[in-house]
Amino acid sequence: MTSTDRLALSVRSLSSKGLSARKIARLLRISERRVFQLRSAALALSSLGNASETASGVA
Numbered sequence: 000m001t002s003t004d005r006l007a008l009s010v011r012s013l014s015s016k017g018l019s020a021r022k023i024a025r026l027l028r029i030s031e032r033r034v035f036q037l038r039s040a041a042l043a044l045s046s047l048g049n050a051s052e053t054a055s056g057v058a
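Residues 0 to 58 (numbering that gives the first Met the number 0) are what the sequence shown spells out, left to right.
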């Protein structure tokens, strides 16, 4: 897992707790645009994880 993956998961976690993109950006000291990019990356990571679990019969 790369640092970008970890950052994306952090953004996803903070988003799920109801924090706005602006608050997340300030907290992590990144741009709001980067927050939106990382949210998308986190969704892609979660869908990949779900696909691999389904393929292996874990789901």
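Beta carbons: idealized from backbone N, C-alpha and C, even for Gly.
Item: C-alpha gap between residue 58 and residue 25, whole angstroms; Value: For residue 58, the pLDDT reaches just 49, beneath the cut-off of 50, and the residue's location in the model is therefore unreliable, leaving the point undetermined.
Item: For residue 19 and residue 5, the rounded distance between their alpha carbons; Value: 19 Å
Item: Same chain, Cβ closer than 8 Å to residue 39, neighbours up to 5 away in sequence not counted; Value: none
Item: Secondary structure of residue 28, DSSP reduced to three states; Value: coil
Item: Alpha-carbon to alpha-carbon, residue 37 and residue 3; Value: 8 Å
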